[in-house]
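Novice: If you scroll down you'll find the structure; I have some questions about it.
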Amino acid sequence: MNRIEHAISGTDFAVYVNGLRIDEQTEGLQLVGVDKRAAAEGALHNVSVYRYSNSFDVHIESHIIAYEETPLVERWVSVLNVGSDSVTIERVDSFRLALPEDSWTLMHYKSEWGAEFEPVRMELANEDVILQTRQGRSSKDMHPWMSLIGSGGDLLTVSPMWSGNWILRCERIGVSDEGAGSVSDEGSSLFEVSGGLNDWEFAKVLQPGETMEGIHVAIAAGSGGELNSTSIPFARVGRKHWYVSNAFSRSLPAEWNHWWSYEDKTINEDVFRANAAEAAKLGIEICTLDAGWFGPSEAASEWFEHRGDWEMVNTTRFPSGIRALSDYVHSLGMKFGLWCEIEALGKAANLSQRHPSYPARRDGEQLGYLCFGNPEVQEWAFRTLDELIVGYNCQWIKLDFNLDPQAGCSCTDHGHGAGDGLFEHYKGYYRMLDRVRAKHPEVILENCSSGGLRIDLGMMRHTHTTFLSDPDWPEHSLQVFWGATTMLAAEVCLHWSYSEFLWNYEKQQFHPHSPDLKPYQFDYYTRVAMLRGFGISQKLPQMPEWMRERLAFHIDFYQRRVKPFVRSADLYRLTGQPVRGGLGDCWSAFQYSQQGGGEHLLFVFRLPGAEATRAIRMQGLDAAAAYQLTYLSGDSQEESIVRTGEQLMTEGILFSGLEIEESALLTINRLTALESVYN
1 MNRIEHAISG TDFAVYVNGL RIDEQTEGLQ LVGVDKRAAA EGALHNVSVY
51 RYSNSFDVHI ESHIIAYEET PLVERWVSVL NVGSDSVTIE RVDSFRLALP
101 EDSWTLMHYK SEWGAEFEPV RMELANEDVI LQTRQGRSSK DMHPWMSLIG
151 SGGDLLTVSP MWSGNWILRC ERIGVSDEGA GSVSDEGSSL FEVSGGLNDW
201 EFAKVLQPGE TMEGIHVAIA AGSGGELNST SIPFARVGRK HWYVSNAFSR
251 SLPAEWNHWW SYEDKTINED VFRANAAEAA KLGIEICTLD AGWFGPSEAA
301 SEWFEHRGDW EMVNTTRFPS GIRALSDYVH SLGMKFGLWC EIEALGKAAN
351 LSQRHPSYPA RRDGEQLGYL CFGNPEVQEW AFRTLDELIV GYNCQWIKLD
401 FNLDPQAGCS CTDHGHGAGD GLFEHYKGYY RMLDRVRAKH PEVILENCSS
451 GGLRIDLGMM RHTHTTFLSD PDWPEHSLQV FWGATTMLAA EVCLHWSYSE
501 FLWNYEKQQF HPHSPDLKPY QFDYYTRVAM LRGFGISQKL PQMPEWMRER
551 LAFHIDFYQR RVKPFVRSAD LYRLTGQPVR GGLGDCWSAF QYSQQGGGEH
601 LLFVFRLPGA EATRAIRMQG LDAAAAYQLT YLSGDSQEES IVRTGEQLMT
651 EGILFSGLEI EESALLTINR LTALESVYN
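Just so you know, we're using our numbering here: the sequence shown kicks off at 1 and counts up by one.
Shown next as structure tokens:
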């Protein structure tokens with residue numbers, strides 16, 4: 001056990017009750033006992049139970065789940081009011097730990113629309129550092145993730161498993177002694193790391209007998225200064241213990257969605273049917289009808305003002321109705337998906353007049369969404385989604401959310417208090433999602449929020465896949481995938497290939513009919529989407545024939561050769577993170593390695609601004625073994641060479657012939673001793 005693994009194995013916590021901070025050093029806090037709780041196979045769940053009974057009487061449980069054969073733990077705290085009077089919970093830190101003495105570099109991501117996973121690096125020096133969101137969505141302003149990297153390569157990665165407001169603190173607690181063991185002649189700052197639910201504008205009243213469970217936080221120890229050393233355990237534990245899945249989601253269906261090429265302006269029944277017919281020929285497995293199907297039929301109406309009235313269909317655009325469109329898609333051998341913003345409430349929606357207790361309000365002002373802290377809203381949402389799924393025969397629901405709840409609802413007639421409305425909103429939203437999955441176990445639920453502004457491990461316990469970002473130009477797409485996979489496995493990430501935008505967005509310059517577009521560039525754009533859950537948003541009937549043929553080849557190849565790696569392999573990022581505007585690494589390489597080490601898949605991309613030559617060094621191979629490398633070009637004369645694991649990890653594979661916006665795809669398979677002799 002290294003020193004970070006030792007640090008994360010503790011059960012230190014802090015809660016604030018009735019204005020009093022309670023932690024392990026608080027006078028009057030008693031350790032009642034340590035329990036072993038039931039846990040899934042491969043997990044150990046221990047609970048330290050404390051009692052504080054001076055001015056009030058509460059039990060505090062500090063939970064830790066250790067996942068076997070990984071350096072990863074899951075932490076949270078529960079507070080039970082065992083007294084006769086109510087108490088107010090003002091802050092719950094799910095974990096606290098002291099960083100070992102060292103010089104530490106903090107890495108985290110900023111996030112805005114179209115600018116997700118923007119990397120930030122800074123030294124922990126003499127000031128506290130607070131990472132948080134107060135926007136009410138987990139990935140607005142910052143993503144719920146950070147890593148601390150020590151001078152010797154020790155790594156601590158932390159991710160709050162929550163979809164609302166969270167906080168992580170790196171707080172200075174002293175200065176190390178000078179002399180032996182100090183990291184500088186002047187002594188270095190010592191830091192404590194803590195966090196969990198953001199305490200901004202938060203307060204929860206517990207009546208006698210009531211319990212509050214704080215948010216869960218995932219914490220992993222790594223080494224070598226290498227983010228792969230924590231991202232791989234995050235992905236492995238996610239697959240085995242956290243993510244929800246069904247047979248359809250595990251199949252990683254190739255998706256076509258109408259949005260970017262048609263938006264809500266030019267989509268209609270005929271356009272969708274024409275695209276579905278082409279999608280079926282290409283091997284697409286599901287067609288999703290995004291925004292534009294819903295709302296009044298008048299030309300001047302704005303559908304977003306009517307969100308909440310989901311029984312409305314724009315019959316001008318879809319005169320035959322949505323079920324007829326779904327039936328047509330199914331007749332082509334594909335499945336049908338539908339967009340819905342179930343949490344949102346438009347200003348003109350009749351729902352708020354019919355049910356005035358449904359809207360979220362703060363200080364009397366409507367916030368533009370429905371309060372899922374209200375059990376009646378949960379029931380309404382479940383029935384609404386159930387009716388959409390059954391009535392339109394949907395196998396995929398894209399759940400969007402395009403606003404910032406900030407501190408959330410302060411109503412006291414919804415079943416929550418004035419200070420815990422947002423907390424109870426997400427608890428209620430999670431419960432509703434679980435009910436939908438239980439009723440429709442083979443339907444995929446997609447998480448989307450203005451693209452990637454609500455990406456977190458809490459949501460991934462209730463939805464099957466998460467959309468990474470609205471824009472999808474290649475550099476941006478590679479950047480957000482690189483960042484997302486520091487906390488998520490590739491198969492729960494969804495992002496489309498380079499889309500042809502209907503509106504003029506300067507970054508989205510894909511023009512399928514451009515005479516300057518080369519086939520290798522189209523391969524590059526499409527292979528970026530093959531790194532994860534695969535989707536496209538293109539005008540398929542207008543696509544040039546050569547491009548349709550190439551797209552069909554890529555979809556078939558993805559289904560036959562790539563899916564098994566995306567679904568179950570360990571992912572190594574072999575290059576630095578690309579950063580929008582050419583500010584990051586301009587070579588991007590991803591290695592997928594099946595557990596056991598025998599099969600590997602390598603994607604390599606040369607971005608604009610890249611040097612002409614790069615050696616890509618692989619990781620996690622058997623140095624003494626021989627491996628056969630096969631360059632997958634799509635023709636029958638694919639080139640193969642043999643190298644040792646040591647050569648591949650130290651010398652690497654030299655790429656010197658790729659054009660800008662060209663890619664390479666290779667399989668690397670370990671040879672048996674006999675095969676090595678004959679090669």
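All residues carry an ideal CB built from backbone N, CA and C; glycine is no exception.
Would a C-beta distance cut-off of 8 Å place Y328 and A254 closer than the cut-off?
Specialist: No, the Cβ-Cβ distance between Y328 and A254 is not below 8 Å.
Novice: So is S184 buried or exposed if we call it buried at 16+ other beta carbons inside 10 Å?
Specialist: The predicted position of S184 is uncertain, since its pLDDT is 37 and thus under 50; a value taken from the coordinates is nonetheless stated next. Exposed, by the Cβ-count rule.
Novice: What residue does the alpha helix (DSSP H) around Q353 start on, and which one ends it?
Specialist: Segment L351 to R354, the alpha helix (DSSP H) holding Q353.
Novice: Given this structure, state the Cα-to-Cα distance separating R91 from E599, to the nearest angstrom.
Specialist: One C-alpha to the other measures close to 47 Å.
Novice: What would DSSP say about W166, mapped onto helix, strand or coil?
Specialist: DSSP places W166 in strand when its eight states are reduced to three.
Novice: Could you say which of Y592, I455, K539 and Y262 lies nearest to R561 if we only look at CA atoms?
Specialist: Selected option, being the one with the closest Cα: Y592.
Novice: Would you mind stating whether W13 and F95 have Cβ atoms separated by less than 8 Å?
Specialist: Residue 13 is actually Phe in this sequence, not Trp. Yes, the Cβ-Cβ distance between F13 and F95 is below 8 Å.
Novice: Going by the DSSP bridge assignment, what does D523 pair with across the sheet?
Specialist: In DSSP, D523 forms no bridge with anything.
Novice: Can you have a look at N374 and say buried or exposed, based on whether 16 or more other CB atoms are within 10 angstroms of its CB?
Specialist: That one is buried.
Novice: What's the gap between the Cα of M727 and the Cα of G153?
Specialist: Nothing can be reported for residue 727: it is not among the residues displayed for the chain, which extend from 1 to 679.
Novice: Would you mind reading off the limits of the alpha helix (DSSP H) that contains T466?
Specialist: Premise fails: T466 lies in the beta strand (DSSP E), T465 to F467, not in any alpha helix (DSSP H).
Novice: Assuming contact is defined by CB atoms lying nearer than 8 Å, are L289 and W339 in contact in what I supplied?
Specialist: Yes, the Cβ-Cβ distance between L289 and W339 is below 8 Å.
Novice: As an exercise, report each continuous alpha helix (DSSP H) stretch of at least 4 residues that is fully enclosed by the stretch 396 to 461, in chain order.
Specialist: Complete alpha helix (DSSP H) runs here, min 4: 421 to 439.
Novice: Skipping 5 residues on each side, what residues in its chain have a beta carbon closer than 8 Å to that of I232?
Specialist: D570, L571 and Y572, listed in sequence order.
Novice: Just to confirm, are T465 and S249 a CB contact at a threshold of 8 Å?
Specialist: Cβ distance < 8 Å, so T465 and S249 count as in contact.
Novice: Determine the contact status of V49 and G83, defining contact as a CB-CB distance below 8 Å.
Specialist: Result no, Cβ atoms of V49 and G83 do not sit closer than 8 Å.
Novice: Could you give the residue range of the beta strand (DSSP E) that holds P359?
Specialist: Its beta strand (DSSP E) spans residues P359 to R362.
Novice: From what residue to what residue does the beta strand (DSSP E) around E192 run?
Specialist: Here the beta strand (DSSP E) through E192 covers S189 to L197.
Novice: CB E305 to CB G346, shorter than 8 Å?
Specialist: The answer is yes: Cβ separation under 8 Å.
Novice: Skipping 5 residues on each side, what residues in its chain have a beta carbon closer than 8 Å to that of E123?
Specialist: Answer for E123: S103, W104, T105 and L106, listed in chain order.
Novice: In whole angstroms, what separates the C-alpha of Y498 from that of V15?
Specialist: In a straight line, the C-alpha of Y498 is about 47 Å away from that of V15.
Novice: Looking only at its own chain, which residues have a Cβ that is under 7 Å from the Cβ of Q135, when we skip the five neighbours before and after it?
Specialist: Only D141, D404 and Q406 meet the Cβ criterion.
Novice: For P471, which of helix, strand or coil comes out of DSSP?
Specialist: In the structure shown, P471 sits in coil (DSSP, three-state: anything other than H, G, I, E or B).
Novice: Should Q366 and F372 be called a contact, given that it needs their Cβ atoms to be closer than 8 Å?
Specialist: Contact flag unset, no.
Novice: Q132 bridges to which residues according to DSSP?
Specialist: According to DSSP, which records beta bridges pairwise, Q132 is partnered with I167.
Novice: Does DSSP put E661 in a helix, in a strand, or in coil?
Specialist: DSSP places E661 in coil when its eight states are reduced to three.
Novice: Residue range of the beta strand (DSSP E) that G391 falls in?
Specialist: Segment P375 to Y392 is the alpha helix (DSSP H) holding G391; no beta strand (DSSP E) there.
Novice: To which residues does DSSP link P608 through a beta bridge?
Specialist: According to DSSP, which records beta bridges pairwise, P608 is partnered with nothing at all.
Novice: Pick out whichever of W587, E112, L385 and V244 has its Cα sitting closest to the Cα of V436.
Specialist: Of the candidates W587, E112, L385 and V244, the one whose C-alpha sits nearest the C-alpha of V436 is L385.
Novice: What does DSSP give as the partner residues of C586 in its beta bridges?
Specialist: Answer by DSSP bridge pairing: none, since C586 is not bridged.
Novice: If we ignore side chains and look at the alpha-carbon of each, how far apart do D456 and S514 end up?
Specialist: Rounded to whole angstroms, D456 to S514 spans 38 Å at the Cα level.
Novice: Can you name the residues that DSSP bridges to K204?
Specialist: The partner list for K204 (beta bridge, DSSP) reads I89.
Novice: Closest to Q395 by C-alpha separation, out of I555, V443 and A349, would be which residue?
Specialist: Ranking the options by Cα distance to Q395, first place goes to V443.
Novice: Could you check whether I89 and V32 sit closer than 8 Å to each other, using their CB atoms as the reference points?
Specialist: Not in contact: V32 and I89 (Cβ atoms no closer than 8 Å).
Novice: Only counting the same chain, and skipping five residues up and downstream in sequence, which positions put a Cβ closer than 6 Å to that of E639?
Specialist: Here the set comprises Y631.
Novice: Three or more C-beta pairs closer than 8 Å, one from the stretch 574 to 586 and one from the stretch 605 to 625: is that the case here?
Specialist: Yes: at least three Cβ pairs fall under 8 Å.
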